[in-house]
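Structure, as structure tokens:
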């Protein structure tokens with residue numbers, strides 16, 4: 001929670017992947033605190049539902065259909081937010097996916113390229129498009145979604161995804177250090193499994209879900225709102241000395 005009362009009131013956050021999962025959870029949490037939300041996603045229906053949820057919290061939002069693998073889409077997303085609300089104070093790059101679970105030798109060029117287009121380039125485009133605006137306005141905070149997978153390597157199921165998220169961690173660190181003296185903070189979060197549609201979308205088997213959970217001492221997955229509350233804290237004035245780090249949200253496991 002922020003140190004300053006009503007810290008987020010009247011400020012604006014842009015969120016990719018806002019139609020579901022971590023993106024939607026964060027959008028509603030920021031709206032609860034009075035922030036306006038620019039929602040980007042490829043899912044029109046889900047995006048509209050997120051906007052409704054934000055408005056139910058008494059805040060404002062717009063939805064911009066956004067394919068984060070396309071720079072022009074991300075540019076339009078950021079520009080639309082600036083045009084509507086005047087300034088973007090925070091960016092949460094939530095869009096990403098493991099796409100498909102498979103062994104290393106089953107990763108073909110298409111899966112590898114799409115993994116990096118979605119998880120790495122999507123984050124890269126978001127930061128490059130919003131940073132000039134933040135610098136012009138004296139600063140801002142960027143939070144990117146990495147994964148515990150980058151510590152484990154994804155053996156047998158998702159080396160492509162783990163590698164992409166490792167790139168996100170490294171890129172976050174580089175951007176944070178390059179712009180730290182110009183009012184920019186940039187962080188990443190590395191969750192273990194979260195109860196969203198992510199696992200089903202990547203074809204995660206029931207056996208793998210159970211195996212992942214057994215590796216967590218708390219014996220449960222995270223909930224999307226638990227991650228959303230962390231994003232809120234990272235964007236707040238309660239941790240202004242924090243930048244370049246990735247925050248592990250693992251329930252105590254996931255490092256081996």
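Numbering (the UniProt record's numbering), first residue to last: 1 to 256. Ideal placement from N, C-alpha and C gives every residue a C-beta, glycine not left out.
Closest by CA to residue i, which one among the options?
i	options	result
residue 245	224, 186, 227	186
residue 42	50, 253, 82	50
residue 21	74, 191, 104, 33	191
residue 148	106, 253, 26, 6	253
residue 26	248, 233, 251	233
residue 36	72, 90, 66, 17	90
residue 6	28, 176, 207, 34	34
residue 151	162, 143, 144	162
residue 116	100, 74, 134, 167	167
residue 243	181, 135, 250	181
residue 11	40, 121, 60	60
residue 144	170, 189, 52	189
residue 249	241, 229, 235, 174	229
residue 251	241, 231, 227, 240	227
residue 63	29, 102, 108, 16	16
residue 96	172, 165, 221, 177	165
residue 177	101, 52, 142, 18	142
residue 19	75, 8, 240, 66	66
residue 171	158, 126, 156	126
residue 29	231, 240, 239	231
residue 102	79, 78, 157	157
residue 98	71, 114, 220	114
residue 32	71, 52, 44	52
Taking all protein chains shown into account, decide if residue i is buried (16 or more other Cβ within 10 angstroms of its Cβ) or exposed.
i	result
residue 56	exposed
residue 85	buried
residue 206	exposed
residue 24	buried
residue 73	buried
residue 106	exposed
residue 129	buried
residue 154	buried
residue 134	buried
residue 104	exposed
residue 179	buried
residue 9	exposed
residue 100	buried
residue 140	buried
residue 77	buried
In the DSSP assignment, the alpha helix (DSSP H) including residue i goes from what residue to what residue?
i	result
residue 235	224-235
residue 44	44-56
residue 152	149-152
residue 40	Here residue 40 belongs to no alpha helix (DSSP H); instead the beta strand (DSSP E) covers 36-41.
Am I right that residue i and residue j are in contact with their C-beta atoms under 8 Å? What's the rounded C-beta distance?
i	j	result
residue 237	residue 2	5 Å
residue 224	residue 194	6 Å
residue 118	residue 69	6 Å
residue 81	residue 38	3 Å
residue 122	residue 93	7 Å
residue 269	residue 14	Because the chain spans 1 through 256 in this model, residue 269 falls outside it and cannot be assessed.
residue 131	residue 184	7 Å
residue 124	residue 160	With 8 Å as the limit, residue 124 and residue 160 do not qualify as a contact, their Cβ atoms being about 17 Å apart.
residue 137	residue 211	With 8 Å as the limit, residue 137 and residue 211 do not qualify as a contact, their Cβ atoms being about 46 Å apart.
Along the beta strand (DSSP E) that carries residue i, what are the first and last residues, could you check?
i	result
residue 194	Run containing residue 194: none; DSSP gives neither H nor E here.
residue 332	This structure gives no information on residue 332, because the portion of the chain shown stretches from 1 to 256.
residue 63	61-65
residue 21	Residue 21 -> not in any beta strand (DSSP E); alpha helix (DSSP H) instead, spanning 21-32.
residue 86	No beta strand (DSSP E) contains residue 86, which DSSP labels as neither H nor E.
residue 146	Counting along the chain, residue 146 falls outside any beta strand (DSSP E), and DSSP gives it neither H nor E.
residue 18	Residue 18 -> no beta strand (DSSP E), and no H or E assigned at all.
residue 248	246-249
Runs of beta strand (DSSP E) lying entirely within the stretch 90-131, each at least 3 residues, in chain order: Qualifying beta strand (DSSP E) stretches, in chain order: 90-93.
Ranges of the beta strand (DSSP E) found wholly within the stretch 154-180, counting only runs of at least 3: As far as the stretch 154-180 is concerned, it has no whole beta strand (DSSP E) run of at least 3 residues.
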